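Residue numbers (full-length UniProt numbering): 2 to 308. The beta-carbon is built from N, C-alpha and C at its ideal position, and this holds for glycine as well. All values reported here derive from a predicted model rather than from experimental measurement. Report on the structure given below.
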Ligand code: PMP
């Protein structure tokens, strides 16, 4: 989906969207050296707020640390940039994309020790990633023939641009097979994650999600859902999940910032449970969306007003 807004935050200032360009010799373009975030701002009972902003920015700096990338701004400055990108574009709700990348720092894999990353923050309107009716009616997914990144190859806990080549293979294959999204197994052929979502199963009233070592990005929506589910009294277990567990689940849903919380109605053509959204998935969704109208109690720092 092509997106845009009037202004984009780039290296310290808000500039017109179309002027935010980079050089073709940018290191990131050649070698994948970028780290980024996906964040949402919601129209809430407290005005427009960014959801778990501080923790998203912490994850951005964690990703940069893994790649020894120097972001020449403080966390506070990046948080303010996010707020400005929403507010100065007059957006009531938005998807935010902060991205730090190595620009034209020179050829060669190893960037100069004093190389500074460029940083941009875009904010724009972006509705339901998996389609408008996905939240209620669910999506059809398939297990990909591509495995997720093996441990100690490219670290999946870092949200780095290069990792999304794996996600693209998974997502494009799913599209070719007529699925809305693809599910990947890890290198041990246990369930990992979707191309851009974490996964949850429900069986006999218990909620399961792959352990954080299953080559996943530790999603903030995943963390949110685990906390909300436990508050609702559900047992949530992080453990290795086999492929066939996907077929035998009573309910199956995916989580992510862009995706939010979306039920899966079939896997590899097999219906999940009754084939429509289950009651626990619905309860989790209600708790999740209840964050933004004050119905769900949350820690103070989960909603950050943009102005
Ligand atoms: N896994 C991958 C590969 C992702 O790209 C995303 C989306 N950022 C997620 C999981 C979900 O993470 P979050 O809930 O923090 O958006």
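Per-residue burial, residue i [other beta carbons within 10 Å of its own, 16 or more giving buried]
i           : result
residue 160 : buried
residue 255 : buried
residue 17  : exposed
residue 191 : buried
residue 177 : exposed
residue 80  : buried
residue 301 : exposed
residue 101 : buried
residue 198 : buried
residue 271 : exposed
Contacts around residue i, its chain only, beta-carbon distance under 6 Å, and the 5 residues preceding and following it disregarded
i           : result
residue 57  : 38 and 40
residue 204 : 250 and 251
Candidates the options, of which the one nearest residue i by Cα
i           : options               : result
residue 275 : 179, 84 and 249       : 249
residue 263 : 181, 300, 231 and 77  : 181
residue 70  : 78, 280, 90 and 36    : 36
residue 132 : 284, 278 and 261      : 261
residue 93  : 128, 281, 272 and 211 : 128
residue 226 : 270, 265 and 287      : 287
residue 277 : 251, 204, 302 and 112 : 251
residue 265 : 188, 253, 25 and 163  : 253
residue 257 : 52, 73, 5 and 125     : 52
residue 22  : 157, 105 and 211      : 105
residue 241 : 189, 184 and 307      : 189
residue 196 : 5, 79, 142 and 184    : 184
residue 186 : 211, 282 and 63       : 211
Beta-carbon separation (whole angstroms), residue i vs residue j, contact threshold 8 Å
i           : j           : result
residue 149 : residue 193 : 4 Å
residue 145 : residue 174 : 5 Å
residue 15  : residue 89  : 6 Å
residue 158 : residue 218 : 7 Å
residue 103 : residue 116 : 6 Å
Spatial neighbours of residue i in its chain, beta-carbon cut-off 7 Å, leaving aside the 5 residues before and after
i          : result
residue 82 : 10 and 122
Residue i Cβ short of 7 Å to ligand 2 heavy atom set
i           : result
residue 217 : With respect to ligand 2, the structure offers nothing, as its ligand set consists of ligand 1.
Problem - Three or more C-beta pairs below 8 Å linking the segment 34-50 and the segment 92-106 - result: yes
Practice task
Would you check if the segment 5-16 and the segment 115-128 touch, i.e. whether three or more CB-CB distances between them fall below 8 Å?
Solution key: Touching, yes, given that three or more Cβ pairs across the two stretches are closer than 8 Å.
Problem - Segment contact, 8 Å Cβ cut-off, at least three pairs: the segment 126-137 with the segment 11-31 - result: no
Exercise for the section: May I ask you to verify whether the segment 234-252 touches the segment 159-175, counting CB pairs closer than 8 Å and requiring at least 3? Expected result: With a cut-off of 8 Å, the segment 159-175 and the segment 234-252 do not count as touching, because too few Cβ pairs lie within range.
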